[in-house]
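Chains A and B, in that order, give the protein sequences. Every letter in the first sequence is one number past the one before it in the working numbering, and letter 203, counting from 1, is 203. Every letter in the second sequence is one number past the one before it in the working numbering, and letter 55, counting from 1, is 509. For each residue, glycine too, the CB sits at the ideal point set by N, CA and C. Note that the structure is a prediction, hence the values are computed from the model and not measured. What follows is a short report on a single structure.
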Amino acid sequence: MSPAMIKEFRLPDLGEGLTESEILSWRVSVGDTVELNQVIAEVETAKAVVELPSPFAGTVAALHEQPGSVVEVGKPIVSFEVDDAGAAPSGEGAAPGGAAGADEPKREATLVGYGAAVEKGGRPARKARTFATPAAAPQEAHPAEAAAAQAAPAAVVPAPETTGERPRSTPPVRKLARDLGVDLTRVPGTGERGLITREDVQRFAAGSTEGAAPAAVRPAGEREIRTPIKGVRKYTAAAMVQSAFTAPHVTEFLTVDVTAAMELLERLKSNRAFAGYKLTPLTLAAKAVLIALKRNPTLNSRWDDAAQEIVQFNYVNLGIAAATPRGLTVPNIKDADTMSLLELSAALSELTDTARAGKTTPEDLSGGTISITNIGVFGIDAGTPILNPGEAAIIALGAVRKAPWVHNDELAVRQVMSLSLSFDHRLVDGEQGSRFLADVGAILSDPGMVLTMV
Amino acid sequence: MLTDEAGRDRKAPEPAKSVTNPRRTGGDLVQLLSPSGERISHPEFDLWISDVSDEQLCSLYEDMVVVRRIDTEATALQRQGELALWPPLLGQEAAQVGSGRAFRSDDFVFPTYRESGVAYCRGVAAPDMVKAWRGNALFGWDPYRYNMATQQIMIGSQALHATGYAMGIQHDGADSVSVGYFGDGATSEGDVSEALVFAASFQAPVVFICQNNHWAISEPVTLQSHVQLADRAAGFGIPAIRVDGNDVLAVLAATRVALDRARKGGGPTFIEAVTYRMGPHTTADDPTRYRDANELEDWAAKDPIARLKALLERKGLLDEQLETRVKAKADEVAAELRSGTINMPEPAAMDVFKHVYAEENSWLERQKDHYARYLESFSGSAQEGAL
Numbered sequence: 001m002s003p004a005m006i007k008e009f010r011l012p013d014l015g016e017g018l019t020e021s022e023i024l025s026w027r028v029s030v031g032d033t034v035e036l037n038q039v040i041a042e043v044e045t046a047k048a049v050v051e052l053p054s055p056f057a058g059t060v061a062a063l064h065e066q067p068g069s070v071v072e073v074g075k076p077i078v079s080f081e082v083d084d085a086g087a088a089p090s091g092e093g094a095a096p097g098g099a100a101g102a103d104e105p106k107r108e109a110t111l112v113g114y115g116a117a118v119e120k121g122g123r124p125a126r127k128a129r130t131f132a133t134p135a136a137a138p139q140e141a142h143p144a145e146a147a148a149a150q151a152a153p154a155a156v157v158p159a160p161e162t163t164g165e166r167p168r169s170t171p172p173v174r175k176l177a178r179d180l181g182v183d184l185t186r187v188p189g190t191g192e193r194g195l196i197t198r199e200d201v202q203r204f205a206a207g208s209t210e211g212a213a214p215a216a217v218r219p220a221g222e223r224e225i226r227t228p229i230k231g232v233r234k235y236t237a238a239a240m241v242q243s244a245f246t247a248p249h250v251t252e253f254l255t256v257d258v259t260a261a262m263e264l265l266e267r268l269k270s271n272r273a274f275a276g277y278k279l280t281p282l283t284l285a286a287k288a289v290l291i292a293l294k295r296n297p298t299l300n301s302r303w304d305d306a307a308q309e310i311v312q313f314n315y316v317n318l319g320i321a322a323a324t325p326r327g328l329t330v331p332n333i334k335d336a337d338t339m340s341l342l343e344l345s346a347a348l349s350e351l352t353d354t355a356r357a358g359k360t361t362p363e364d365l366s367g368g369t370i371s372i373t374n375i376g377v378f379g380i381d382a383g384t385p386i387l388n389p390g391e392a393a394i395i396a397l398g399a400v401r402k403a404p405w406v407h408n409d410e411l412a413v414r415q416v417m418s419l420s421l422s423f424d425h426r427l428v429d430g431e432q433g434s435r436f437l438a439d440v441g442a443i444l445s446d447p448g449m450v451l452t453m454v
Numbered sequence: 455m456l457t458d459e460a461g462r463d464r465k466a467p468e469p470a471k472s473v474t475n476p477r478r479t480g481g482d483l484v485q486l487l488s489p490s491g492e493r494i495s496h497p498e499f500d501l502w503i504s505d506v507s508d509e510q511l512c513s514l515y516e517d518m519v520v521v522r523r524i525d526t527e528a529t530a531l532q533r534q535g536e537l538a539l540w541p542p543l544l545g546q547e548a549a550q551v552g553s554g555r556a557f558r559s560d561d562f563v564f565p566t567y568r569e570s571g572v573a574y575c576r577g578v579a580a581p582d583m584v585k586a587w588r589g590n591a592l593f594g595w596d597p598y599r600y601n602m603a604t605q606q607i608m609i610g611s612q613a614l615h616a617t618g619y620a621m622g623i624q625h626d627g628a629d630s631v632s633v634g635y636f637g638d639g640a641t642s643e644g645d646v647s648e649a650l651v652f653a654a655s656f657q658a659p660v661v662f663i664c665q666n667n668h669w670a671i672s673e674p675v676t677l678q679s680h681v682q683l684a685d686r687a688a689g690f691g692i693p694a695i696r697v698d699g700n701d702v703l704a705v706l707a708a709t710r711v712a713l714d715r716a717r718k719g720g721g722p723t724f725i726e727a728v729t730y731r732m733g734p735h736t737t738a739d740d741p742t743r744y745r746d747a748n749e750l751e752d753w754a755a756k757d758p759i760a761r762l763k764a765l766l767e768r769k770g771l772l773d774e775q776l777e778t779r780v781k782a783k784a785d786e787v788a789a790e791l792r793s794g795t796i797n798m799p800e801p802a803a804m805d806v807f808k809h810v811y812a813e814e815n816s817w818l819e820r821q822k823d824h825y826a827r828y829l830e831s832f833s834g835s836a837q838e839g840a841l
C-alpha cells in the first residue's frame with residue numbers, strides 16, 4: 001500500500017543528435033501494468049526504427065502522443081503511475097549531491113534538446129469512484145458502446161442490482177468485458193482490493209458459456225496457433241500491402257497452345273549444346289518475356305513518385321518468385337536481356353539453388369525491373385499476381401496441361417498454358433499490356449514468330 | 455510461388471562464379487563445441503582446455519549470461535535517454551569471454567568500443583563501461599588498474615598500440631603479452647596493416663584477436679576481403695588460427711595457444727574468431743535496412759550461450775541451483791549498472807581541463823581562467839533565464 005506517484009517518460013535522443021522521432025505504435029494502453037524494460041512503443045527516428053523499453057515499473061497513466069505523430073526530443077510521451085517504492089528501482093533517491101526526490105527537476109541525459117525536466121511528484125488528485133448506475137443513463141452511452149451492448153448476447157442484457165459503484169477494473173479489462181458481452185458488475189474480482197482482472201472476466205465468460213452450450217471437447221491451445229510476425233513474413237506482408245495499395249493493378253489472362261514450344265523444348269534437351277542444362281517451360285517463357293519486352297519497353301519501367309518521373313529501364317533485371325523454406329523471395333537475374341538461352345538457363349538454376357539454400361543476398365533481391373512467378377509448378381492455371389514493389393509488371397505462368405483445343409479448325413488434344421499478366425495502370429495502358437501479353441503468347445504458341453520480332 | 459528450375463534428380467551446371475572467385479580459401483574452422491552443444495574432439499586444441507573443470511564451465515556460462523544481460527540493460531538505458539549511445543555485443547559473448555578469461559592479470563588488453571565482455575572479465579564494473587557513453591567522462595576506468603586500455607573509437611588504431619606495448623614488453627624482458635582486439639572492418643585499415651608488419655618484424659609478444667562479426671556497419675565482410683581474414687595474416691608472415699567465435703571453448707583454446715607462443719618468444723598470432731553481430735552496429739543503427747533477416751536466423755541457431763547451455767545439460771550440470779545463481783548474478787549486475795548509471799555524478803565544468811596535459815602550463819591556466827569567468831557570468835540571472 002505504498003503511495004502512488006506519476007512519472008513522465010520524455011522522448012530521449014535515440015541516435016546521436018536527433019531532435020525528433022515519430023511514434024509508430026504503442027504496445028501498451030492506458031491502465032496496463034508494465035515492468036521495467038518492457039517494450040512500450042515502437043519509434044522511428046531518421047536513422048532507425050527502435051523499440052522503447054519502459055524506464056519504470058508501474059501502470060500506464062496516460063499516453064500523450066498518438067501513433068503517427070512526430071515528437072520533439074524532451075517532450076513527455078507517456079506517464080506512469082508508480083509506487084513510491086517502485087519509482088526508483090535503482091535507488092534514485094540515493095543520488096549524490098542531495099535529495100534527488102521526485103520533486104527535483106532532473107536533466108534529461110540527451111545530446112540535444114535538454115527540455116525542461118519538471119517532474120510532478122506526489123499523488124495525483126483523483127475523484128471518488130462513484131458513478132451513476134449503468135442502467136440509469138443508457139441513452140448517453142457512447143454510440144460504439146451502445147452498439148456493442150446491443151450486439152452482446154441477450155442473456156446478459158438485463159441489468160442486475162446496482163450498487164452505485166463501478167466495479168474496479170482497468171480500461172483493457174473493461175474493453176474485454178464489453179467484447180465478450182460480460183457485465184462487470186456481476187464479475188467477482190480476485191485482484192488487489194477486489195480489482196477485476198482479465199482472468200476474472202475470461203473465467204466468468206467461460207462459465208456462462210459452459211452453461212449454455214454443452215462442452216465441445218478440445219484441449220486448450222489447439223484452436224489456433226499464434227506466430228509472431230517477423231522476418232521474411234513481415235517483410236513480404238509490408239511489400240505486398242505497399243504494392244497493392246499504391247499501384248492500381250490490372251490483370252489480363254491469355255491461354256495459349258504451347259505444343260510447339262514443348263516440342264522445341266524436347267529437341268533442345270537432346271541438343272548437345274544444352275547437355276547439363278536444365279530446360280523447362282520457365283526457361284522458354286523467360287526468354288519469350290525478354291524478347292517481348294524489347295518491343296514493349298513500357299512494361300519494363302518504374303513509377304518514381306518522389307521524382308515525379310517514369311523511369312524506363314534499358315536493361316532487364318528479371319525477378320523470379322521463389323518459394324523457400326522461409327517464405328517468398330523474389331531474387332532477380334541482373335541484365336537478363338543480354339543473356340543467351342543457355343546463359344539464362346544457368347542463371348535460373350543458380351538463382352533457385354541459392355534461394356532454396358537460403359543464401360539469397362539483399363543485393364540479389366534489389367533492383368528488379370519485372371518479375372515472373374511460376375504458379376504452374378503447383379498445378380495452378382491462373383491468378384492475379386501482385387506486383388513486386390517498384391516494378392510495372394509481373395507475369396504468372398500456369399501449368400502446362402493437355403486439353404481439348406481447336407487446332408486447324410478441328411478439336412484436338414493440345415498442350416495449353418495460361419498466362420496472367422498484372423501491370424501498374426499508372427504507367428502501362430491496356431493497349432501496351434495487351435500487346436506485350438499477346439507477344440509472349442505468340443512466341444510460346446509459335447516459337448518461329450521470334451524471327452519477326454528480333 | 456516457385457520455380458522448379460533446381461531439379462532434384464540432376465546436377466545443376468557448375469556456376470562460373472566459383473571458378474573465378476577464390477573467396478573461400480582459408481583453413482578449417484576450429485570448433486570444440488557444436489551448435490547443438492556436442493563436445494567435438496580436436497587432436498591439437500583439446501590439450502589446451504583439458505584443465506577446464508565442470509565448475510569452470512559453469513563459470514564461463516555465468517559470465518556469458520551476465521555479459522549479455524549487461525548488453526541488454528545498457529541498450530535499454532540508451533533507449534530511455536540515460537546513455538547517448540551503446541554498441542551492442544549481442545552474439546559475441548563467446549568470442550569475448552572465451553578470450554577474456556585466458557589472459558593473465560599482467561597481460562595488457564587494447565579493446566575496441568565493443569569489448570564490454572572482455573572488460574567484465576578484467577573486472578571492470580558495469581557502470582564504468584557506460585561512463586563515456588553517458589558523456590560523463592572521457593573514459594570509464596583507469597587502464598593501469600585493470601591492465602586494459604579504455605574503449606577505442608577510432609577503427610583499428612589500437613592494433614598499433616598493442617604492437618607498441620608488446621615491443622615495450624620485449625625491452626623490459628618480461629613475459630607478459632599484449633592483446634589487440636579489432637573487427638573485420640578494421641582489417642581494411644592501414645593502422646592494422648602497420649601493426650601487423652611491425653609485430654612480425656620485431657616478433658613482438660602480441661595477440662591480435664579479430665572478431666569477424668560479418669558486418670562493418672553496413673558493409674559485409676565479403677566486400678572487405680576476397681580471402682578469409684585469417685589468410686591475410688599469412689601475407690605478413692604471422693601464424694593465424696581461424697576459430698568458431700561462438701564456441702567459448704575453441705576461443706579459449708586458441709587464445710591460450712597464441713598467448714603461450716608469445717610468452718615463449720614465438721612472436722605474434724592472428725586469431726580470427728568467426729562470430730556474428732546479432733544486433734545493430736550501435737543503438738543509432740538499423741541493420742534491417744541492409745541485412746537479410748535470413749542471415750540473423752541462421753546465426754541465432756548458432757547462439758554462443760545456447761550452445762554452452764546445451765553442453766551443461768548434456769553433462770548434467772545445469773540444475774536449478776545453477777540457473778538461480780546465474781540469474782541472481784545477472785540481475786544484480788544489471789541493477790548495479792542501472793543504479794550506477796542513473797546516479798552517476800555529473801562532471802564539474804572545469805574537469806574538461808584535467809586530462810589535456812600531463813603538467814600544468816601557463817597557456818592552459820589562462821584558458822581555465824577565461825572559462826571560469828565565462829561560467830561565472832551565468833550565476834544569478836541564469837537561474838530564471840535558462841531552463
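So, is the C-beta of residue i closer than 7 Å to a C-beta in chain A?
| i | result |
| --- | --- |
| B:Gly535 | yes |
| B:Ala747 | yes |
| B:Ala701 | Looking at the sequence provided, one finds Asp at residue 701 of chain B rather than Ala. No - not a single Cβ of chain A is within 7 Å of the one on B:Asp701. |
| B:Ala530 | yes |
Give every residue of the same chain whose Cβ lies closer than 6 Å to the Cβ of residue i, excluding the five residues on either side of it in the sequence, and list them in chain order.
| i | result |
| --- | --- |
| A:Leu195 | Arg168, Gly189 |
| B:Leu531 | Leu537, Thr795 |
| A:Ser243 | Ile386, Leu387, Pro389 |
| A:Thr456 | Since the first and last residues shown for chain A are 1 and 454, residue 456 of chain A lies out of range. |
| A:Gly398 | Gly376, Asp381, Ala382, Met417, Ser418 |
| B:Arg710 | Trp502, Ala556 |
| A:Ala403 | Val416 |
Who are the Cβ neighbours of residue i in its own chain at under 8 Å, not counting the five residues just before and after it?
| i | result |
| --- | --- |
| B:Lys822 | Met804, Phe807 |
Near residue i, which residues of its chain fall below 7 Å by C-beta distance, leaving aside the five closest residues on each side in sequence?
| i | result |
| --- | --- |
| A:Thr259 | Arg414, Gln415 |
| A:Glu20 | Val70, Val71, Glu72, Val73 |
DSSP three-state call for residue i: helix, strand or coil?
| i | result |
| --- | --- |
| A:Leu318 | strand |
| B:Thr778 | helix |
| A:Asp183 | coil |
| A:Ser90 | For A:Ser90, the pLDDT reaches just 42, beneath the cut-off of 50, and the residue's location in the model is therefore unreliable, although a value from the coordinates is still provided. Looking at A:Ser90 - three-state DSSP - the assignment turns out to be coil, as it is neither helix nor strand. |
List the residues of chain B that residue i touches, going by C-beta distances under 8 Å, in chain order.
| i | result |
| --- | --- |
| A:Asp13 | Gly535, Ala538 |
| A:Leu52 | Arg533, Gln534 |
So residue i contacts chain A; which residues on that side make the cut at Cβ distance below 9 Å?
| i | result |
| --- | --- |
| B:Asp739 | Gly15, Lys47, Ala48 |
| B:Glu643 | Result: empty, since nearest Cβ-Cβ is about 22 Å, beyond 9 Å. |
| B:Glu774 | By Cβ distance, chain A contributes nothing, its closest Cβ being about 23 Å from B:Glu774, past 9 Å. |
Taking residue i as the query, report the chain A residues whose CB atoms sit under 8 Å from its CB, ordered along the chain.
| i | result |
| --- | --- |
| B:Pro734 | Ala48 |
| B:Glu786 | Ordered by position in chain A, no residue passes the 8 Å Cβ test against B:Glu786, which lies about 12 Å from the chain. |
List, in order along the chain, the chain B residues whose C-beta lies closer than 7 Å to that of residue i?
| i | result |
| --- | --- |
| A:Thr361 | Asp746 |
From the beta carbon of residue i, is the nearest beta carbon of chain B less than 7 Å away?
| i | result |
| --- | --- |
| A:Pro67 | no |
| A:Arg326 | yes |
| A:Val232 | yes |
| A:Gly456 | Past the edges of chain A, shown from 1 to 454, lies residue 456 of chain A, and the structure says nothing about it. |
| A:Pro172 | no |
| A:Asn271 | no |
| A:Pro55 | yes |
| A:Asn37 | yes |
Along chain B, in chain order, which residues have C-beta atoms closer than 9 Å to that of residue i?
| i | result |
| --- | --- |
| A:Arg10 | Gly535 |
Applying a beta-carbon distance threshold of less than 8 Å, which residues of chain D neighbour residue i?
| i | result |
| --- | --- |
| A:Val316 | The structure shown has no chain D; the protein chains it does contain are A and B. |
* Could you tell me whether the region 512–522 of chain B touches the region 541–557 of chain B, using the rule of 3 or more Cβ pairs below 8 Å? => yes
* Asked: Are the region 308–325 of chain A and the region 333–353 of chain A in contact at 8 Å, needing three or more beta carbon pairs?
  -> yes
* Asked: Touching or not, the region 40–49 of chain A and the region 10–26 of chain A, by the rule of three or more beta carbon pairs under 8 Å?
  -> Yes: at least three Cβ pairs fall under 8 Å.
* **Any 3 or more C-beta pairs closer than 8 Å across the region 664–672 of chain B and the region 718–732 of chain B** => yes
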